[in-house]
Amino acid sequence: MAQPFFLHACRDYDGAVMAVFPHRQDADMAAFRDALNQVNWSDLGFVCDGRFLFTQRSLEHAPLPDCFRAFLPDPLPA
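In the numbering used here, the protein residues as written are -16 to 61.
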């Protein structure tokens, strides 16, 4: 299975790469990457002709499994 998500120390990006920046400082980025790579993106309609079609908006609204709740930021105080 293809693994489109990876970790890299680079802080400078261009339009060829979509970076994911966590809201939580304590986020386990390796676990987050692994969880993203376990999703069957093809079944969710994110693959066309063997290419992954991700945009910021499409990832924000992707129907991810409940295991991703661990990566959500803490709710803001009322």
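Where is the CB? At the ideal position from N, CA and C, for every residue including glycine.
Verify whether the separation of the beta carbon atoms of residue i and residue j is less than 9 Å.
i: R16; j: L36; result: no
i: P(-13); j: F54; result: no
i: T38; j: M1; result: yes
i: P48; j: R7; result: no
Out of the options, which has the shortest C-alpha to C-alpha gap to residue i?
i: C50; options: Q21, A2 and A(-15); result: Q21
i: R40; options: P48, G33, F29 and R34; result: F29
i: D63; options: A10, D9, A14 and P46; result: Because residue 63 is not part of the residues shown, which for the chain are -16 to 61, the question remains open.
i: E43; options: C31, L19 and D32; result: L19
i: A14; options: A61, P58, L59 and R52; result: R52
i: M(-16); options: V3, C31, W24 and D32; result: W24
With DSSP as the reference, please indicate the residues paired to residue i in a beta bridge.
i: R34; result: C31
Within the region -2 to 26, ranges of the alpha helix (DSSP H) (whole runs, at least 4 residues): 12 to 21
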